[in-house]
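Under my numbering, the first residue of the sequence shown carries the number 24, and numbering increases by one thereafter.
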Amino acid sequence: MDWVRFAEATVVLSGAGGLFELFLYFGFVHLRLERAFGVLPAVVLTAILYVPWHVGTQLPLEPDPLFGAVKLLGVGLFYQSVFSLTRNVLIIWPFFHAVGVMIDFAVNLETLDRPAIELPWALASIAAMLATVGAIVLRRRALREDS
24 MDWVRFAEAT
34 VVLSGAGGLF
44 ELFLYFGFVH
54 LRLERAFGVL
64 PAVVLTAILY
74 VPWHVGTQLP
84 LEPDPLFGAV
94 KLLGVGLFYQ
104 SVFSLTRNVL
114 IIWPFFHAVG
124 VMIDFAVNLE
134 TLDRPAIELP
144 WALASIAAML
154 ATVGAIVLRR
164 RALREDS
């Protein structure tokens, strides 16, 4: 096993992809659906949206794409339920998300070359996302101090 490619691929997909997924699904989609429809519909609707998000990444790795879609729906329901109960994305990433990415690659080792090539872009994306979060936190603090 090529542990370097495995680590690079995990950083790319769990780091950059995982953080973006958290911001998109939990910080934006889930919270807006919850505000509009309530907790349970938000969990279900966001989990349903989680499936097409993985059409180009996860489903091609599955031997049976229909079963893979059902599995992703279950994963989405689980993640969304945990987020609804805890209101904490750090419980999902890295504990659930990163482990899921590593398991996917351990099962599909031949797919490691593609994401490993993207490591520099992934690291830059992670840095940009963390800088954005930092800027938002600083801006909110400044606004609180002004009021």
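Using N, Cα and C, we set each Cβ at its ideal position, and we do this for glycine too. Given the structure is predicted, the values throughout are model-derived calculations rather than measurements.
Span of the alpha helix (DSSP H), counted from its first residue to its last, around residue i
i, result
"residue 60", "54 to 60"
"residue 170", "Where residue 170 is concerned, there is no enclosing alpha helix (DSSP H), given that its DSSP letter is neither H nor E."
"residue 97", "88 to 109"
Minimum C-alpha distance to residue i - residue among the options
i, options, result
"residue 107", "78, 76, 61, 91", "61"
"residue 81", "99, 69, 112", "99"
Beta-carbon proximity check, residue i vs residue j, cutoff 7 Å
i, j, result
"residue 65", "residue 77", "no"
"residue 92", "residue 67", "no"
"residue 49", "residue 112", "yes"
"residue 47", "residue 116", "no"
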